[in-house]
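Chemist:
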Amino acid sequence: MVRHILIRAGKVTIRARLLATPTADRIWNALPINGAVQTWGKEVYFRTPISHDIEPDARVVVSKGEIAFWPDGDAIAIGFGATPISKRGEIRFTSKCNVWAVAIDDVDQLKNVYPGELVSVVEAEAGDAAWHNGTSHRDGHHAPHHMHAALCPSVDEGGPGG
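At position 38 of the sequence shown the residue is numbered 564 (the numbering used here), and the sequence of numbers has no breaks.
(1) Grab me the residues of D600's own chain with a C-beta within less than 7 Å of its C-beta, minus the 5 sequence neighbours each way, in chain order.
(2) Short of 6 Å in beta carbon distance, which residues of its chain neighbour T565, apart from the five on each side in sequence? Order them along the chain.
(3) Is K568 buried or exposed, if buried means 16 or more other CB atoms sit within 10 Å of its CB?
(4) Do V570 and A535 have their CB atoms nearer than 8 Å?
(5) For A556, I'd like the list of residues in its chain whose CB is within less than 8 Å of its CB, leaving aside the five on either flank, ordered along the chain.
(6) How many Å lie between R541 and G607 at the Cα?
(7) Please go through the same chain and pick out, in chain order, the residues whose beta-carbon is closer than 8 Å to the beta-carbon of K622, but skip the five residues on each side of it.
(8) Considering only the alpha carbon of each residue, which of W554, A594 and V563 lies closest to V645?
(9) How big is the Cα-Cα spacing for I553 and I630?
(10) Which residue wins for smallest C-alpha separation from N624, given the options F595, E616, E649 and R614?
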């Protein structure tokens, strides 16, 4: 079963496809999740009401398009560029994070999201206009699947050492 979500932050909506992982299952079962945006470098993250252990395939460096869960902070993190600890353009976490979803929309939109704005993660309904009409895109075009990222917060934002 393919599961899709909508992440709404400020005026931005990002569609994503869940992966088959224990973290994805935990997040899916906790929906809807609501919080307040925090930022670190070119990253948006927010605390969740759930906790989950680090999975065996958790990573410090991820590929663009991956959405992560930061077990040390019980937070979902989505990056759209380098953090202060990234090297040579990589997407680097401060500690291992579980990749649980892949963004379908261009996460560069998150540059228009600011600290304190409300964020929600909800199940994408079959009739959801944002899902079918691509209203999360300013120009109405779909971005390639590889044009996305995910990051985890740093010590400066209450995260683990890095």
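Heads up, the beta-carbon is just placed ideally off N, CA and C, and yes, glycines get one too.
Modeler: Walking through what the data contain:
(1) R573, T574, I576 and S577
(2) P641
(3) buried
(4) yes
(5) T574, P575 and I576
(6) 18 Å
(7) I580, A584, R585, V586 and P597
(8) V563
(9) 18 Å
(10) F595
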